[in-house]
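Visitor:
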Ligand code: OGA
Ligand code: NI
């Protein structure tokens, strides 16, 4: 019941006018057809609600690639090259906030299965996915949707996703979507040791040894997402994910071969994190920036859309327990002589984060010391 639009010069450059934007919003967001449903319905131009302000558009898809093109070999971390590899990790976390790793302990077969499962989940008819819309989802652990906070955004992001919160194996295997639960849980479990090891290395370099208990609380929230970025008729008008940083400790991300993940450099330029077969992307989240008193940088990143294929990605987010107090670690503050962030309850940080549309690193202002 959505009209198909003719692809004209005019709407290729400005988005197509939609007679009734409320109908479109209902179809895509409220009824859970997603951006994928829109494309599958025959839409051949970008409707106005998806057209980004000029300042957010990605004019030139050909950004330079960056240091993250050279992956770090984690198998060397506990051998004779420990110092060198640690340094690669801490330097990347303190500058770009992004790096890629190989020999990470997650099997390459599993990485392939994850991409296939993501495609399988989104290939289902809309009504099968819509059962997980947040208003009706049978489980608090699972949420399916489009864009980040579509109700509040100036323009809707060109992305559908399903997010799966980890509690325990038993609940997960009961509640996560059957199309992807086994592989997603497998991914979470086989990467967690690696993530904790990387956090340890980062902490060690700022003179902190976290007690096991504290580490568990700081990494207590674990979530696996599957993102789906449908092919877009006019990629230059839209954004897959707008500029943002992740709120947690570290994010581990599997991306497919399509590309389009960009990170912001110090000088304001954007560089692409190129897809590397078998590698995983790791990026620093706001929490780690706060704990390290600003030494490690949560990276501002975004995703472009393409007109040559649908892209999937599978991030694992690690973050503190909601009840955990976070703030710059005492050892670091002592060394720096100043606390750049205040102490706060992670729940409050999270509420603020999910209450605002994506806007670069603005999320961190919430924690800034006065
Ligand atoms: C995210 C994100 C990047 C990607 O989900 O927070 O930044 O490549 N995803 O999908
Ligand atoms: Ni992100």
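Numbering (our numbering), first residue to last: 603 to 972. Positions of the beta carbon are idealized from the N, C-alpha and C atoms, including for glycine.
In chain order, what are the residues with a CB under 6 angstroms from some non-hydrogen atom of ligand 1?
Guide: 827, 829, 843, 848, 855, 857, 863, 903, 905, 915, 917
Visitor: Tell me the rounded alpha-carbon separation between residue 814 and residue 824.
Guide: 17 angstroms
Visitor: Quick check on DSSP: helix, strand or coil for residue 671?
Guide: helix
Visitor: According to DSSP, what are the bridge partners of residue 829?
Guide: 763, 915
Visitor: Do residue 758 and residue 652 count as a contact pair if the criterion is CB distance below 7 angstroms?
Guide: Taking 7 angstroms as the cut-off, the beta carbon of residue 652 is found closer than this to the beta carbon of residue 758.
Visitor: Looking at C-alpha atoms only, which residue of 704, 948, 946, 908 is the closest neighbour of residue 843?
Guide: 908
Visitor: Indicate whether residue 838 and residue 866 have their beta-carbon atoms separated by less than 7 angstroms.
Guide: No, the Cβ-Cβ distance between residue 838 and residue 866 is not below 7 angstroms.
Visitor: Quick one: measure Cβ to Cβ for residue 673 and residue 704, integer angstroms, because I've assumed they're closer than 8 angstroms.
Guide: The Cβ separation is near 5 angstroms, so the contact holds.
Visitor: Between 829, 807, 943, 793, which lies nearest to residue 722 when the distance is taken from Cα to Cα?
Guide: 829
Visitor: Could you say which of 761, 741, 900, 933 lies nearest to residue 777 if we only look at CA atoms?
Guide: 741
Visitor: In whole angstroms, give me the CA-to-CA distance for residue 940 and residue 714.
Guide: 46 angstroms
Visitor: For the putative contact between residue 881 and residue 702, defined by C-beta atoms under 8 angstroms, what is the C-beta separation to the nearest angstrom?
Guide: 5 angstroms
Visitor: In chain order, which beta strand (DSSP E) runs of at least 3 residues are fully inside the region 746 to 802?
Guide: 762 to 767
Visitor: In whole angstroms, what is the alpha-carbon distance linking residue 936 and residue 930?
Guide: 10 angstroms
Visitor: By Cβ distance below 8 angstroms, which residues in the same chain neighbour residue 944 in space, the five residues on each side in sequence not counted?
Guide: 929, 969, 970, 971, 972
Visitor: Where does residue 845 sit, in a helix, a strand or coil, going by DSSP?
Guide: strand
Visitor: Output needed for residue 966: all residues of its chain with C-beta closer than 6 angstroms, excluding positions within five of it in sequence on either side, in chain order.
Guide: 888
Visitor: Hey, residue 864 and residue 906 are a contact pair by Cβ (cut 8 angstroms); roughly how many whole angstroms apart?
Guide: 7 angstroms
Visitor: Are there three or more Cβ pairs, one per stretch, closer than 8 angstroms when the region 759 to 774 is compared with the region 728 to 746?
Guide: At 8 angstroms Cβ cutoff, the stretches touch.
Visitor: For residue 932, count the other beta carbons within 10 Å of its own beta carbon; 16 or more makes it buried, fewer makes it exposed. Which is it?
Guide: The residue is exposed, with fewer than 16 neighbouring Cβ atoms inside 10 Å.
Visitor: Between residue 719 and the rest of its own chain, which residues show a CB-CB distance below 8 angstroms, the 5 nearest in sequence each way excluded?
Guide: 781, 782, 785, 786, 828
Visitor: Where do the N-terminal and C-terminal ends of the beta strand (DSSP E) with residue 853 fall, by residue?
Guide: 852 to 857
Visitor: Going by beta carbon distance, what residues of the same chain come within less than 6 angstroms of residue 678, once the five residues before and after it are set aside?
Guide: In its chain, beyond the 5 residues on either side, 687 have a beta carbon closer than 6 angstroms to the beta carbon of residue 678.
Visitor: Please state whether DSSP places residue 957 in a helix, a strand or coil.
Guide: helix
Visitor: In or out: residue 654 buried (at least 16 other Cβ within 10 Å) or exposed?
Guide: buried
Visitor: Any heavy atom of ligand 3 within a distance shorter than 6 angstroms of the CB on residue 692?
Guide: The ligand content of the structure shown is limited to ligand 1 and ligand 2, which means ligand 3 is not among them.
Visitor: What does the alpha-carbon distance come out to for the pair residue 822 and residue 806?
Guide: 20 angstroms
Visitor: Within the same chain, show all residues whose beta-carbon is closer than 6 angstroms to that of residue 877, passing over the 5 residues directly before and after it, in chain order.
Guide: 857, 859, 861.
Visitor: With a Cβ-Cβ cutoff of 7 angstroms, do residue 708 and residue 792 count as a contact?
Guide: yes
Visitor: Find out if the Cβ-Cβ distance for the pair residue 641, residue 832 is shorter than 7 angstroms.
Guide: yes
Visitor: Give the range of the beta strand (DSSP E) segment to which residue 701 is assigned.
Guide: 700 to 704
Visitor: In the DSSP assignment, what are the bridge partners of residue 884?
Guide: 701, 854
Visitor: Indicate the three-state DSSP secondary structure (helix, strand or coil) for residue 873 in the structure shown.
Guide: strand
Visitor: Considering residue 717, what are the terminal residues of the beta strand (DSSP E) in which it resides?
Guide: Element bounds for residue 717: not the beta strand (DSSP E) but the alpha helix (DSSP H), 710 to 725.
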